[in-house]
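Notes to accompany the following structure.
Chains as they are written, first to last, in my numbering: chain A, -11 to 571; chain B, 20 to 276.
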């Protein structure tokens, strides 16, 4: 079994990870069908979607339902297809190409449905899931409040059971609720008797339930975002989801799945943006030649493709892992799977947060350079890149800001180490042995990954030694530790995928992957070095010696990254987008 | 009603065509799809099955990736598939393909055979017609509307300046033109069910064919890519002078007037 966070202290065989090259024939067809659906049904209607034309959006949701794109995570007895999580993430990735519609779709199939799938009882599932899967009802997830964003547990919405025990009376307000404008069903969080964090299923026509005007947003203009108001809203007692006081299990585990799905959406959007940029660069002529011939444009295209590759490698590695370790192991005869899912899934919090951060920052980078490649035209709404740029901005904020996710990574590592779930202690005691195995100058990506892991452990050891239990207060240190862990997981996922492709004889793709991994790792090592040096300059006992040691360990042979980037860019230009075909 | 559809695997419409060292069309790394006209044929077969009941079999002749398009047809709703491999055949032509498909069809039960009117790759539009000829069946080409009733097919086809409505007895071969229908997407459920549906793999030898019977009658002697479009010329100056210059160039350089 591969434990959550274990990548920091162990190396694994390439054969043990899931990669897009392992997609089954069915998964490839799911990929192609979903892309096809978005290209033919969603993108041609982008103007109507952007103006929030409800009839268009509802009919598209119906159309998506007809293809089966709303039921991937729902059991067959409620109309779904109960696909594996890799397939589910494939759908989320491909929907990511569809701008705002992917958020409507994700609000429905992810956070708006999964709480009922995982934590609902049979009656609740029977009542709600078939209509959600068929697209007849739109669902939504309502956690955030005006005063409770990242600090979700501080919500003020209250629920009190009526004297006759028939209803809960809910009072409070919710903010920034996706799909609110057209949703029929809301999974909504409130505190029973003021202190017991609890989930409810609230119907739109509930007495005492109302919503505010549509928010005017920077991007994702086609997705509905509104505030909700609950004034003695009468929610039937049977609509209490899971258990009183157990809402945090619902909220946080759904957020973990939500983070993966948002990352998948971001990956799809980034690929779409890269296509726009590559095609523009191929066609736009300046100085009598296509701008794709110019070095600085090539470098951008290469960097975009590299980050997308790393994101993709991580996404499917994690998806395969949680399918294997969480979902395929569930005892499906149980009515409520929530406890088991919560317990198993919470082991992979670190990976979920890493992916959420990396994928959404990749998207930000890609759309930004995408606009840059378009020059002035990128600022004009006629070109899709302008919308994609605006749409991307929220990804670093929702499903937990990237800041809180950065805090989650090292604090979870500390907690898992204390609980003995992650045998970090043994490894830290032998840190000098680990160092001894590394002999700079580094020459290959494998060595860089190995070194970065060791460096993370070393810096982690120094930081925890310095701050002990109070490390939670040192957010700047936590952020840098998170960044190091992210790069370790990213580089390693890219490397293992490349190795696996080579081992399975996919020569042509593997050669491109090798270039990408190599170029990426030799750039990433500098970032890792800088983060490590920053922390050691804060906490080190003999700062100069320690930082100097880090510098020495990160020394690598000269690598012509520019040449690699040019070769990668040539493939991007040739493909008119991301050059690795997965389906 | 038993319907057989004959889809072909072709290059993606956006594929870049290149020639390999031997001057043949390079198939390396090219995205392969079901010929779009054949998608209309599959869709029509499924609609007829939904209306009249019955069974849809998809049959294709070709290389090792052909099962991909057969699986797609199964995911759309077809019931079973047969792939006849092209192992051992260096060169083929429409005669080869039609001979093989017709031989196989003799062993299948059918009321109707559907295919796209042409494939987007070689565009010869011959195979369905040849199959009809070999099997002695009536055929209607480029159909945009099809009704089946009482053992007959009533098909509308586009002709110059209007439409022609044709009636033929079944069994018959009908080829699909754009406009016949809008093909459905395979559903997630369909995709998962497709892997449980029967897909038979046959060789040419299994059909009792080989040698001269399947040898091509037509051989391509050379493939070449269209020469790249040369740069346009912009004529500047006063309209009257520019027009005169244009006429001169058209006459003297382009030699078209």
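Just so you know, even glycine gets a beta-carbon here, dropped at the ideal spot from N, CA and C.
Residue interval of the alpha helix (DSSP H) (run including residue i)
i	result
residue 155 of chain A	Unbroken run through residue 155 of chain A is the beta strand (DSSP E), 155 to 166; no alpha helix (DSSP H).
residue 65 of chain B	55 to 71
residue 468 of chain A	463 to 491
residue 398 of chain A	390 to 407
residue 314 of chain A	Neither: residue 314 of chain A is in no alpha helix (DSSP H) and is coded neither H nor E.
residue 444 of chain A	433 to 455
residue 116 of chain A	110 to 121
residue 91 of chain B	85 to 95
residue 350 of chain A	337 to 362
residue 499 of chain A	495 to 527
residue 209 of chain B	207 to 213
residue 150 of chain A	Counting along the chain, residue 150 of chain A falls outside any alpha helix (DSSP H), and DSSP gives it neither H nor E.
residue 260 of chain A	235 to 271
residue 419 of chain A	419 to 424
CB of residue i within 7 Å of CB of residue j, strictly
i	j	result
residue 535 of chain A	residue 525 of chain A	yes
residue 221 of chain B	residue 103 of chain B	yes
residue 74 of chain A	residue 341 of chain A	no
residue 561 of chain A	residue 280 of chain A	yes
residue 67 of chain B	residue 193 of chain B	no
residue 443 of chain A	residue 520 of chain A	yes
residue 130 of chain A	residue 57 of chain A	no
residue 170 of chain A	residue 29 of chain A	no
residue 162 of chain A	residue 195 of chain A	no
residue 202 of chain A	residue 214 of chain A	yes
residue 51 of chain B	residue 28 of chain B	yes
residue 496 of chain A	residue 489 of chain A	no
residue 427 of chain A	residue 506 of chain A	no
7 Å Cβ cutoff, residue i in contact with chain A
i	result
residue 56 of chain B	no
residue 208 of chain B	yes
residue 26 of chain B	no
residue 205 of chain B	yes
Contact set for residue i: own chain, Cβ-Cβ below 6 Å, skip 5 residues either direction
i	result
residue 513 of chain A	436 and 542
residue 72 of chain A	311
residue 100 of chain A	127, 128 and 129
residue 147 of chain A	156, 158, 178 and 180
residue 466 of chain A	395 and 398
residue 366 of chain A	359 and 373
Sequence-distant residues of its chain with Cβ nearer than 7 Å to residue i (five each side left out)
i	result
residue 94 of chain B	205, 209, 210 and 213
residue 45 of chain B	37, 38 and 39
residue 84 of chain A	90, 252, 253, 254, 255, 256 and 257
residue 119 of chain B	80, 103, 223, 226, 228 and 233
residue 55 of chain A	21 and 25
residue 335 of chain A	-9 and -8
residue 51 of chain A	29
residue 474 of chain A	342, 345 and 346
Delimiting residues of the beta strand (DSSP E) encompassing residue i
i	result
residue 28 of chain B	28 to 30
residue 219 of chain B	218 to 221
Short CB-CB distance (under 7 Å) between residue i and chain B
i	result
residue 543 of chain A	no
residue 89 of chain A	no
residue 25 of chain A	yes
residue 65 of chain A	no
residue 535 of chain A	no
residue -11 of chain A	no
residue 331 of chain A	no
residue 527 of chain A	no
residue 69 of chain A	yes
residue 83 of chain A	no
heavy atom of the ligand NAD below 6 Å from residue i C-beta
i	result
residue 305 of chain A	For the ligand NAD, the structure offers nothing, since it holds no ligand at all.
Same chain, Cβ closer than 8 Å to residue i, five either side skipped, listed in chain order
i	result
residue 559 of chain A	293, 500 and 567
residue 416 of chain A	445, 448 and 449
residue 202 of chain B	58, 59, 61, 62 and 95
> Pairing CB atoms from the region 59 to 76 of chain A with CB atoms from the region 227 to 234 of chain A, are three or more of them under 8 Å?
Replying inline: no
> Does the region 133 to 147 of chain A touch the region 359 to 378 of chain A, meaning 3 or more C-beta pairs lie closer than 8 Å?
Replying inline: no
> For the 8 Å Cβ check, are there 3 or more pairs between the region 283 to 300 of chain A and the region 327 to 334 of chain A?
Replying inline: In short, these stretches do not touch, since the Cβ pair count stays below three.
> Between the region 168 to 176 of chain B and the region 98 to 117 of chain B, are three or more C-beta pairs nearer than 8 Å?
Replying inline: Contact annotation: the region 168 to 176 of chain B does not touch the region 98 to 117 of chain B, with fewer than three C-beta pairs closer than 8 Å.
>> Pairs of beta-carbons, one from the region 149 to 161 of chain B and one from the region 176 to 187 of chain B, closer than 8 Å: are there three or more?
In response: Touching, per the Cβ criterion.
>> Any contact between the region 397 to 404 of chain A and the region 249 to 269 of chain A? By contact I mean 3 or more CB pairs, one from each, below 8 Å.
In response: no
> Can at least three beta-carbon pairs, one atom from the region 261 to 270 of chain A and one from the region 470 to 490 of chain A, be found at a separation below 8 Å?
Replying inline: As far as the Cβ criterion goes, the region 261 to 270 of chain A does not touch the region 470 to 490 of chain A, which means the pair count is below three.
>> Using a Cβ distance threshold of 8 Å, determine whether the region 373 to 389 of chain A contacts the region 416 to 431 of chain A, with at least three qualifying pairs required.
In response: Put simply, the region 373 to 389 of chain A does not touch the region 416 to 431 of chain A. Fewer than three CB pairs are less than 8 Å apart.
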